[in-house]
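For the record, the sequence lines run as chains A and B. So that you can map any letter, position 176 of the first sequence is 176 in our numbering, and since no number is skipped, the others follow by simple counting. So that you can map any letter, position 71 of the second sequence is 259 in our numbering, and since no number is skipped, the others follow by simple counting.
There are 2 protein chains.
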Amino acid sequence: MLECIKGRKSSREKILDAAAELVREIGSGRLTLDAVAERAGLSKGGLLYNFKTKDALLQAMIQRMIDEVQAEKEAYRATEAPGPNFEARLCVMACLSMRKGKMREVANGMLAASAENPNLLEPVRQVLGTVLTDIKQKSEDPEAALLAWLAVEGLNSMAMHNISPFSDEDCGMIADAAKRLLEKGIAS
Amino acid sequence: MLECIKGRKSSREKILDAAAELVREIGSGRLTLDAVAERAGLSKGGLLYNFKTKDALLQAMIQRMIDEVQAEKEAYRATEAPGPNFEARLCVMACLSMRKGKMREVANGMLAASAENPNLLEPVRQVLGTVLTDIKQKSEDPEAALLAWLAVEGLNSMAMHNISPFSDEDCGMIADAAKRLLEKGIAS
DNA sequence: GTCTATATCAAGATAGAC
DNA sequence: GTCTATCTTGATATAGAC
Numbered sequence: 001m002l003e004c005i006k007g008r009k010s011s012r013e014k015i016l017d018a019a020a021e022l023v024r025e026i027g028s029g030r031l032t033l034d035a036v037a038e039r040a041g042l043s044k045g046g047l048l049y050n051f052k053t054k055d056a057l058l059q060a061m062i063q064r065m066i067d068e069v070q071a072e073k074e075a076y077r078a079t080e081a082p083g084p085n086f087e088a089r090l091c092v093m094a095c096l097s098m099r100k101g102k103m104r105e106v107a108n109g110m111l112a113a114s115a116e117n118p119n120l121l122e123p124v125r126q127v128l129g130t131v132l133t134d135i136k137q138k139s140e141d142p143e144a145a146l147l148a149w150l151a152v153e154g155l156n157s158m159a160m161h162n163i164s165p166f167s168d169e170d171c172g173m174i175a176d177a178a179k180r181l182l183e184k185g186i187a188s
Numbered sequence: 189m190l191e192c193i194k195g196r197k198s199s200r201e202k203i204l205d206a207a208a209e210l211v212r213e214i215g216s217g218r219l220t221l222d223a224v225a226e227r228a229g230l231s232k233g234g235l236l237y238n239f240k241t242k243d244a245l246l247q248a249m250i251q252r253m254i255d256e257v258q259a260e261k262e263a264y265r266a267t268e269a270p271g272p273n274f275e276a277r278l279c280v281m282a283c284l285s286m287r288k289g290k291m292r293e294v295a296n297g298m299l300a301a302s303a304e305n306p307n308l309l310e311p312v313r314q315v316l317g318t319v320l321t322d323i324k325q326k327s328e329d330p331e332a333a334l335l336a337w338l339a340v341e342g343l344n345s346m347a348m349h350n351i352s353p354f355s356d357e358d359c360g361m362i363a364d365a366a367k368r369l370l371e372k373g374i375a376s
């Protein structure tokens, strides 16, 4: 949060980027400090100065993912037009934004943490719990809202594991369908 | 397929069960041959007689998962009442059945393979591709069908990573909502 | 703040006895 | 078909120089 005075990214950011990139390339369980250090352009010593242990690195990857999604959601809160199932719509939009740009890589932190030490996912657990109660309480149609949210989570999960069979057009169509479901609900 | 003459499970089955169990307990990236051997009740030598390499074990875990889901789907094909989006309904039902019993553990094979060697997920990729074209072609309402399928996949993904915030009642409600979406479609 | 060197340990795989 | 070594590699983490 404080690192942006210089034009260059801080070492921490470069390291987190490198780690997230590597997960997809070599597998979440093969993420080694050596590989991260090389990709980030410093030595293992330099890496371990920034993150005392591998768990600390993974924890930071998780936290960054959570922060980015949260920020994305709040950005949509400011720009989205009001309407039914507003809170769920924000979640869906934020999830969908994980398909593009840096966010896509950032999500790999979850895979890496899950592989190494499932306990590190505790913060994610908590966020999902909050989102669930939020959607349940604030939605005009909670069932449609949960289906839409889960659908984009499913989409993201497949993308994260690199097994998504969906083309970009498919994804656009699904995104539209999810938004329509949020607006109109399930037919009766 | 041929191992069921004796009352006992074959060694291969015991090994696959042990491996699937361990993934959730210690993390997909920490799955070691030693741990699997101990849990399965044999030595590492015995384990490596059954599976020449760790990749072979992971590949077998993946294949078993695919086979079980496929079998579940075909079982539903025989018993489910006909109706709209029939093919999608089978997929949704099969996915939902992964929440119970042995199936739940079996799905962990995907995590283990993803951690160790993402290429091992290729069979999963192919199955998902087939399911997608199937649902697209055979559904009266492809958009509703895809949303319902993705929603239960999202549910499974969270369960697989042990980050699901959904209670059993939640899951029942979501399952019902997904089925209703398949029957009635999105409101217009 | 980053580097090299190294200690320590765990994991996959092999060989051969039973 | 299963067991007990053992080989070899690679990965985390530490210590201390620059």
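Think of the CB as a built atom: it goes at the ideal place given N, C-alpha and C, for glycine as much as any other residue.
Burial state of residue 80 of chain A is exposed, judged by a 10 Å Cβ sphere holding fewer than 16 other Cβ atoms.
Not one beta carbon of chain B lies nearer than 7 Å to the beta carbon of residue 84 of chain A. Residue-level contact check: residue 68 of chain A does not touch chain B, since none of the beta carbons of chain B fall below 7 Å from its beta carbon. Assignment of residue 374 of chain B by DSSP, reduced to helix, strand and coil, places it in the strand class. By a beta-carbon distance limit of 8 Å, residue 154 of chain A contacts residue 345 of chain B. Their separation comes to about 6 Å. Nearest to residue 113 of chain A by C-alpha distance, out of B:199, B:212, B:201 and B:205, is B:212. At a C-beta separation below 9 Å, residue 65 of chain A has no neighbours in chain B, since its nearest C-beta there lies roughly 12 Å away. With a cutoff of 7 Å on beta-carbon distance, residue 273 of chain B and residue 328 of chain B are scored as near each other. The alpha-carbon of residue 106 of chain A is positioned some 12 Å away from that of residue 59 of chain A. Selection B:205, B:232 and B:370 evaluated against residue 249 of chain B yields B:205 as nearest (Cα-Cα).
By the rule that beta-carbons nearer than 7 Å mark a contact, residue 155 of chain A touches chain B. The residues 260, 261, 264 and 268, in chain order, have a CB closer than 8 Å to that of residue 281 of chain B in the same chain once the five nearest residues on each side in sequence are set aside.
Chain-order list of chain A residues neighbouring residue 327 of chain B: empty, with the shortest C-beta distance near 12 Å, by a criterion of under 8 Å. Residue environment analysis places residue 331 of chain B among the buried positions, since at least 16 neighbouring C-beta atoms fall within 10 angstroms of its C-beta. Minimum Cα-Cα distance from residue 230 of chain B among the listed residues B:320, B:201, B:271 and B:218 corresponds to B:201. Looking from the CA of residue 371 of chain B, the closest CA among B:285, B:214, B:283 and B:271 belongs to B:271. Taking the Cβ atoms as the reference, residue 31 of chain A lies roughly 6 Å from residue 19 of chain A, within the contact range of under 8 Å. Taking C-beta separations shorter than 7 Å and ignoring five residues to either side along the sequence, the partners of residue 373 of chain B in its chain run 329 and 332, following chain order. For the C-beta of residue 61 of chain A, not a single chain B residue is nearer than 9 Å; the gap to the nearest is close to 14 Å.
When Cβ-Cβ separations below 7 Å define contact, residue 362 of chain B makes contact with chain A. Taking residue 363 of chain B as the centre and dropping the five residues before and after it, the same chain places the C-beta of 284 closer than 6 Å to its C-beta, in chain order.
Listed along the chain, the chain A residues whose CB falls inside 8 Å of the CB of residue 304 of chain B are 27, 29 and 30. Inclusion of residue 353 of chain B and residue 90 of chain A in the CB contact set at 7 Å is not warranted, their separation being larger than that value. DSSP assignment within the region 16-70 of chain A yields no whole beta strand (DSSP E) run of 3 residues or more. Contact between residue 304 of chain B and residue 27 of chain A is confirmed by a C-beta separation of about 6 Å, below the 8 Å threshold.
With a 10 Å radius around the Cβ and a threshold of 16 neighbouring Cβ atoms, residue 172 of chain A comes out exposed. If you compare the alpha carbons of A:177, A:160, A:126 and A:88 with that of residue 138 of chain A, the shortest gap goes to A:88.
When the five nearest sequence neighbours on each side are left out, the beta carbons in the same chain lying within less than 6 Å of the beta carbon of residue 209 of chain B are those of 293, in order along the chain. For residue 143 of chain A, the closest Cβ of chain B is nearer than 7 Å. Residue environment: residue 119 of chain A is assigned as exposed (fewer than 16 neighbouring CB atoms within 10 Å of its CB, all protein chains considered). Where residue 121 of chain A is concerned, there is no enclosing alpha helix (DSSP H), because DSSP gives it neither an H nor an E.
Per DSSP, the continuous alpha helix (DSSP H) segment holding residue 344 of chain B begins and ends at 330-348. Annotation for residue 281 of chain B: the continuous alpha helix (DSSP H) segment containing it runs 274-285. Taking 7 Å as the CB threshold, residue 135 of chain A stays off the interface with chain B. Any Cβ of chain B closer than 7 Å to the Cβ of residue 151 of chain A would place that residue at the interface, and such an atom is present. Under the Cβ criterion of 7 Å, residue 375 of chain B is counted among the residues facing chain A.
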